[in-house]
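A.B. asks: This is the structure I have questions about; it appears just below.
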Amino acid sequence: MLRRTLNRWLGRDERRVDSRNICVGHRSSSNNEAFIPPKFCDNRIVSSKYTVWNFLPKNLFEQFRRIANFYFLIIFLVQVIVDTPTSPVTSGLPLFFVITVTAIKQGYEDWLRHKADNEVNKYPVTVLEQGRRVRKESEKIKVGDVLEVDEDETFPCDLILLQSSREDDTCFVTTASLDGESNHKTHYTVPDTEKDLESLNATIECEQPQPDLYKFVGRMHIYKADQEPAVRSLGPENLLLKGSTLKNTQTICGVAIYTGMETKMALNYQGKSQKRSAVEKSINAFLLVYLCILVSKALVCTTLKYVWQNKPGQDEPWYNEKTQREKDTNLYLKMFTDFLSFMVLFNFIIPVSMYVTVEMQKFLGSFFITWDKDFFDPEIKEGALVNTSDLNEELGQVEYVFTDKTGTLTQNNMEFIECCIDGFQYKYQDAGTDLDGFCVTDGPANKVQHKAGREKEELFLRALCLCHTVQVKESPEQGQGQRDGLMDHVDGLGVDGEGLHPPPQEQRGFIASSPDEVALVKGAMRYGFTFLGFESKTMKILTRDNDVERYELLHVLNFDPVRRRMSVIVRSKSGDTLLFCKGADSSIFPRVRQEEVERIRMNVERNATEGYRTLCVAYKYLNAEEYAQADAGLREARLALQDREEKLMAVYNQVETGMSLIGATAVEDRLQEEAAETMEALQGAGMKVWVLTGDKMETAKSTCYACRLFQRNTELLELTVRTLEDGGRRREERLHELLVEYHKKAVQDAPPVKAGVTRAWSSANHDYGFIIDGATLSMVLNSSSESNSSRYKNLFLQICQNCTSVLCCRMAPLQKAQIVKMVKNSKGSPITLSIGDGANDVSMILEAHVGIGIKGKEGRQAVRNSDYAIPKLKHLKKLLLAHGHLYYVRIAHLVQYFFYKNLCFILPQFLYQFFCGYSQQPLYDAAYLTMYNICFTSMPILAYSLLEQHICMEVLLDNATLYRGIAKNGMLRWGPFFYWTLLGVFHGLLFFFGVRYLFGNPALQDNGQVFGNWSYGTIVFTVLVFTVTLKLALDTRHWTWINHFVIWGSLAFYVFFSFFWGGIIWPFLKQQRLYFVFANMLSSVSAWLVIILLILLSLLPEILLVVFRKPRGPHAGQMKHRLPSSGTSTIFMLSQTASTHSFSWTD
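Sequential numbering from -3 applies to the sequence shown in my numbering.
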């Protein structure tokens, strides 16, 4: 299995054998030959990352790949090996804490994946062995095993259907976990297989595993005694995929052909990789800058130390003679050791505790999403779920949103709205309003004035009842009683047309491959024509005259995305052969008489722009000769092993010509609650929305109109199999031609648009929408020529990026992930978000920077693999525009503030070396070095990063454009970073030289004594702690009791600790540098004065900025009542100046 995986990654699939041979039930086709079963992979599913044996080395390796962790490890080792001024504990303890916490978190997540894998792998299944039913664990299934699956069970691997409990040798499955479609699909047994599978002697020859869900080619050789082997072709209609669920069929038997990681579901699974946020990448970049500053400081001090020592008498003064060992030490080794000592002394410029604080901020901050009552859904009685807290800030940086359609944008609940017969509108409504055609108070069609004529109306309703693949599901306790009730109901409908409720029979079980087919059958019921189901090959319908009509079903011409229509050929009791056809208007109109088209076109276009799913209905009488020719052609094409699809298509196109148009229907796929408003808000925030769906193009296009992703004035650029067929040339040539044409239209000829401005703010610009299907996308991404493939990909990407919205339909799950990956890796590396509700969305959820799962009806695979889970699509608006915005602002301020306060902290230490002979003498006591980041300054910034609201949530939700102000990592760019760095340098210089100026006074104490070096360092440290804490207080906009407690509490704790630490003689300390230093320092009025003066001078620019500047901009009025008069932080203010939609400050 590993070899096959590596080959697939390295693109060596072409070296493999094209097909595999499988013996059904492991029985050899020849009795004379010994049977040696071929080796295939087992049926185990593995999605976990670690094992018990490799967890420790693999996890440590991954963690130490982070530059910060590796750096702190090196510093810790230096402190252990070399005699340095500070203890190894100061670096080792925080590093150990970060590594341990991260390892526990990642280990727990992987344990959950192991648990989920075991649930699947240990699931009991029934295997038929030598006529006996044997219960086995799913992981023990082998290729060639014959399995028995009961109703509502999920298929444990990919199977070929051999036997069904249904009389018509079919079964029904739902593939919601694969392609998101919850409707039932019909699959067929292989013809001519033995009823007794024990006596079946057959082999299957089929293609090697490949991820396309909709393609499968194979054949079965059936061996019977004294007969030539029978060959039966196998297609997707015979293949039952792992992850699908058996419905409306008691039992089926099938043979396993693909197992484990070779199933189509597993091949479409995108492996889970560790996601890193843009903030973490910015931290690493800033870290490198500060690392350069650190190395520069150490080099400068080491160089100046040896320059200074080269002066006569400086290297070895009379009071400090060198020992013999020091004299014998190699000069270069001594220089290197000194360099390392300076590195350790200045090491605190790199904020190791920032990583601990960031981890805590992310972990604790994620609870605010979980606790948000607006995310609670009363239907499922659940709220939001956070699976990973590492990406909170990414929610505020999203540029592209990739959404599934079925179950995400829509409820997958089709409803019949209206129909048009011969140009006249017929609408069914619950209210008794007057309109053209039917209304409820009129009763059924026979009680109204027949605007289209009774004959046309009945022909149209018969077409709706016959042209479909719907099955009626009746429970055993129903039966004739229900049918009698149905008769009574329809009879009553004909007598009493007063204010009817929707018929209860609409609730009876209908099974279809498409939900709109069920909607059309139910629509016909409303007007008096009811489909009663199948009896063998006979379809029965109940007319509004209470007569049961029977039609023999001769052929079904299945729907496909190229033809975009489906037909049935039926024979009535009178012997007439009719073809009924329904499909998209663009597919039906060219095949009917043109004079009939104009009467219906207007209704179809109006319904389409209103977001309804429209279908046109046509019919044709077939004479005996035409039917015989069609029947022969269809039978011959279906037996073909080569080019079967092309041959069927040719016959379909030949039969479906010269039809008569009867009318059209409008069906609504109900949108999720507030879906359109949510999409509009996301576009207003500057995000581009792409819809990636496995559904048909017409349905998806209607949904895009309904969600306002496509507008009436949007010009649609279509790149699908149908448009490639139109030119009459080779597909590749046509693809190149269309890409160049669309690129010229959407990119080259398009007027330049200001960055971040979308349709909502620039209606003058021409809008383009782009539509592509899965087959065409494969051609774009996997062209025969590598140079062409790269060129096509670039053209495709540029076109899509210049369109307001993009629709990708008929997508396989892996193709969804490919689209996301392509955009993610494009120029500028935009932040992507994927949202979906089914297992078919898992690949794109894992591929995107942020994956959102919806707790929908399609199982919980998407939720389990997502980073965040929400009950409804509407919750995405608040998650991004409010929570995401605030998370990003908070953590950006946290990161910049940490670098600033550590620069303030260590710069005086660096300057002090110029006055102490570069002796590596610390300016601060070891307790202050250790406690500065851990206790004195950590809690205020943690509280700020959890609670700050520079703008209240209501304003953020009402003004989506505010989201753009922080787009593209606006607060962590180099400009704001250098501002904070310069501020740190200014404060550091002020602290050091301000205190040095004070020390110019020879008598600082009442007794005439001067302060020592530890008093000097303590005064600098006191000014430092008060300044950086009060700076954060000035930046705080949203004060709570927690902010007050931690800010003033931290300052009080520092004063208390200093008195306590210096007021007691500690027996475990070899030397006590701060004994009574702090108390002695505060006894000096001069020290008090300089501390207060330096704090005020440091914060003066910030205070003046707040006092003399007023907010301006379109949202200033809304925020005036929200923000305290102290203004906003300087850095946030500077980062906003790029956006005209966000507030800024001026004189």
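By construction, the Cβ of each residue, glycine as well, lies at the ideal position given by its N, Cα and C atoms.
1) On a Cα-Cα basis, can you pick out the residue from I866, R129, V859 that is closest to T366?
2) Can you look up I137 in the DSSP assignment and give me helix, strand or coil?
3) Can you check whether the CB of Q707 is closer than 8 Å to the CB of L869?
4) Locate the alpha helix (DSSP H) running through Y975, then write down its first and last residues.
5) If you draw a straight line from the alpha carbon of S583 to that of R109, how long is it in whole angstroms?
6) Taking just the CA atoms, how far does L877 sit from Y908?
7) Using a 10 Å radius around the Cβ and a threshold of 16 neighbouring Cβ atoms, would you call C954 buried or exposed?
8) Between the Cα of A99 and the Cα atoms of K132, N117, N50, which residue gives the shortest distance?
9) Does the distance from the CB of T247 to the CB of D146 come in under 8 Å?
10) May I ask which residues mark the beginning and end of the alpha helix (DSSP H) holding A923?
11) Nearest to Y914 by alpha carbon, out of E594, V97, K301?
12) For N649, count neighbouring Cβ atoms within 10 angstroms of its own Cβ and tell me buried if that reaches 16, exposed if not.
13) Might you give, ordered along the chain, the residues of its own chain that have their beta carbon closer than 8 Å to the beta carbon of V486, omitting 5 neighbours on each side?
14) Do M356 and L938 have their C-beta atoms within less than 8 Å of each other?
15) Less than 6 Å between C-beta atoms, sequence neighbours within five positions excluded: which residues of the same chain meet that for P1110?
16) What are the boundary residues of the alpha helix (DSSP H) that F932 is part of?
17) Which word fits G824, buried or exposed, when buried means at least 16 other C-beta atoms lie within 10 angstroms of its C-beta?
18) Is the Cβ-Cβ distance between V991 and V1086 less than 8 Å?
19) Kindly indicate which residue of D164, P232, M261, V227 has the alpha-carbon position closest to the one of T150.
20) At what residue ranges does the segment 324 to 399 contain a whole run of the alpha helix (DSSP H), taking only runs of 4 or more?
21) If distances are taken between C-alpha atoms only, which option among Y254, Y219, G966, L986 comes closest to H881?
22) Would you list, in sequence order, the uninterrupted beta strand (DSSP E) runs of no fewer than 3 residues that lie entirely inside the segment 629 to 684?
23) Give me whichever residues DSSP pairs with N17 in a beta bridge.
24) Give me, in chain order, the residues of the same chain whose beta-carbon lies closer than 6 Å to that of F36; leave out the 5 immediate sequence neighbours on both sides.
25) Given a threshold of 16 other Cβ atoms within 10 Å of its Cβ, counted over all protein chains shown, does I18 qualify as buried or as exposed?
26) Count the other C-beta atoms from every protein chain shown that fall within 10 angstroms of the C-beta of A628, then say buried if there are 16 or more, exposed otherwise.
27) For the beta strand (DSSP E) holding D154, just list the boundary residues, first then last.
28) If T1025 and S1046 are in contact, beta carbons under 8 Å, what's the gap, nearest whole angstrom?
29) Alpha carbon to alpha carbon, what distance is there between L143 and F60?
30) According to DSSP, which residues form a beta bridge with P120?
31) For D208, which residues of its own chain have a beta-carbon under 7 Å away from its beta-carbon, when the five flanking residues on both sides are left out?
32) Which of the three DSSP states, helix, strand or coil, is assigned to D745?
33) For T1, which residues from the same chain have a beta carbon less than 7 Å from its beta carbon, with the 5 sequence-adjacent residues on both sides left out?
34) By Cβ distance, which residues of its chain are closer than 7 Å to K874, with the 5 residues on each side in sequence left out?
35) CB-CB under 7 Å to V685, same chain, minus the five flanking residues each way: which ones, in chain order?
36) C577 bridges to which residues according to DSSP?
C.D. replies: Concretely, from the data shown:
1) Sequence index remark: in the sequence shown, residue 366 carries index 370 (1-based). The shortest Cα separation from T366 among I866, R129, V859 belongs to I866.
2) Against the sequence shown, residue 137 aligns to sequence position 141. DSSP places I137 in coil when its eight states are reduced to three.
3) Stepping through the sequence shown from its first residue, residue 869 is reached at position 873. Stepping through the sequence shown from its first residue, residue 707 is reached at position 711. Not a contact, by the Cβ cut-off of 8 Å.
4) The residue given as residue 975 occupies position 979 in the sequence shown. Counting along the chain, the alpha helix (DSSP H) containing Y975 begins and ends at 970 to 994.
5) In the sequence shown, the residue the question calls residue 583 occupies position 587. In the sequence shown, the residue the question calls residue 109 occupies position 113. S583 and R109 have their alpha carbons spaced roughly 47 Å apart.
6) Translated into positions along the sequence shown, residue 908 becomes position 912. Translated into positions along the sequence shown, residue 877 becomes position 881. The C-alpha of Y908 lies about 47 Å from the C-alpha of L877.
7) Along the sequence shown, read from residue 1 onward, the residue named residue 954 stands at position 958. It should be pointed out that residue 954 corresponds to Asp in this sequence rather than to Cys. Residue burial annotation: D954 is exposed, with fewer than 16 other C-beta atoms found within 10 angstroms of its C-beta.
8) Taking the sequence shown and counting its residues from 1, the one referred to as residue 99 is at position 103. When each option's Cα is compared against that of A99, the closest is N50.
9) Here residue 247 corresponds to residue number 251 of the sequence shown, with the count starting at 1. Here residue 146 corresponds to residue number 150 of the sequence shown, with the count starting at 1. Cβ atoms of T247 and D146: closer than 8 Å.
10) Taking the first residue of the sequence shown as 1, we reach residue 923 at position 927. Run containing A923: 922 to 927, per the alpha helix (DSSP H) assignment.
11) The residue labelled residue 914 in the question sits at position 918 within the sequence shown. Ranked by Cα distance from Y914, the options E594, V97, K301 are led by K301.
12) Counting from 1 along the sequence shown, the entry for residue 649 is found at position 653. For N649, the number of other beta carbons within 10 angstroms of its own is below 16, and it is reported as exposed.
13) Here residue 486 refers to the residue found at position 490 of the sequence shown. Here the model assigns V486 a pLDDT of 30, short of 50, so the residue's position is not dependable and the matter cannot be decided.
14) By one-based count along the sequence shown, residue 356 stands at place 360. By one-based count along the sequence shown, residue 938 stands at place 942. L938 is positioned such that its CB atom lies closer than 8 Å to that of M356.
15) As a first step, residue 1110 is located in the sequence shown; it is residue number 1114 there, counting from the start. For P1110, the predicted structure reports a pLDDT of 41, less than 50, and the residue's modelled location is therefore unreliable. The matter cannot be settled from this model.
16) Here residue 932 refers to the residue found at position 936 when the sequence shown is read from its first residue. Where F932 is concerned, there is no enclosing alpha helix (DSSP H), given that its DSSP letter is neither H nor E.
17) The sequence position of residue 824 within the sequence shown is 828, counting from 1. Counting of Cβ neighbours within 10 angstroms places G824 among the exposed residues, the total staying below 16.
18) Along the sequence shown, one-based indexing puts residue 991 at 995. Along the sequence shown, one-based indexing puts residue 1086 at 1090. A distance below 8 Å separates the beta carbons of V991 and V1086.
19) Position 154 of the sequence shown, counted from the start, is the residue given in the question as residue 150. With distances taken between Cα atoms, T150 lies closest to M261.
20) Restricting attention to alpha helix (DSSP H) runs no shorter than 4 residues, the segment 324 to 399 encloses them at 327 to 341, 348 to 367, ordered along the chain.
21) As a working mapping, residue 881 is identified with position 885 in the sequence shown. Closest option to H881, judged by alpha-carbon separation, among Y254, Y219, G966, L986: G966.
22) Runs found: 656 to 667.
23) The count along the sequence shown starts at 1 and reaches residue 17 at position 21. According to DSSP, N17 bridges with E201.
24) Position 40 of the sequence shown, counted from the start, is the residue given in the question as residue 36. Spatial neighbours of F36 in its own chain (CB-CB distance under 6 Å, excluding positions within 5 residues in sequence) are listed in chain order as V139.
25) If you number the sequence shown from 1, residue 18 lands on position 22. Flag for I18 reads buried.
26) Your numbering for residue 628 matches position 632 in the sequence shown. By the 10 Å Cβ count, A628 comes out exposed.
27) Residue mapping note: residue 154 aligns to position 158 of the sequence shown, counting from 1. Under the DSSP assignment, D154 falls in the beta strand (DSSP E) whose first and last residues are 154 to 160.
28) For the purposes of this step, residue 1025 is identified with residue 1029 of the sequence shown, where counting begins at 1. For the purposes of this step, residue 1046 is identified with residue 1050 of the sequence shown, where counting begins at 1. In this structure T1025 is in contact with S1046, their Cβ atoms being roughly 6 Å apart against a cut-off of 8 Å.
29) Against the sequence shown, residue 60 aligns to sequence position 64. Against the sequence shown, residue 143 aligns to sequence position 147. Rounded to whole angstroms, F60 to L143 spans 48 Å at the Cα level.
30) Counting from 1 along the sequence shown, the entry for residue 120 is found at position 124. Paired residues: E133.
31) In the sequence shown, counting from the first residue as 1, residue 208 sits at position 212. If we look at D208 and ignore the five residues flanking it on each side, its Cβ neighbours are A808.
32) For the purposes of this step, residue 745 is identified with residue 749 of the sequence shown, where counting begins at 1. In this structure, DSSP gives D745 a state outside helix and strand, which the three-state scheme calls coil.
33) Position 5 of the sequence shown, counting from 1, holds the residue named residue 1. Its pLDDT being 49, under 50, T1 is placed unreliably in this model, and the value from its coordinates should be taken loosely. If we look at T1 and ignore the five residues flanking it on each side, it has no Cβ neighbours.
34) For the purposes of this step, residue 874 is identified with residue 878 of the sequence shown, where counting begins at 1. Excluding residues within five positions, the ones whose Cβ falls inside 7 Å are D370, L953.
35) Stepping through the sequence shown from its first residue, residue 685 is reached at position 689. The residues are V397, T399, M675, L678, Q679, L705, S801.
36) Taking the sequence shown and counting its residues from 1, the one referred to as residue 577 is at position 581. Within the DSSP bridge table, the entry for C577 names S563, A614 as partners.
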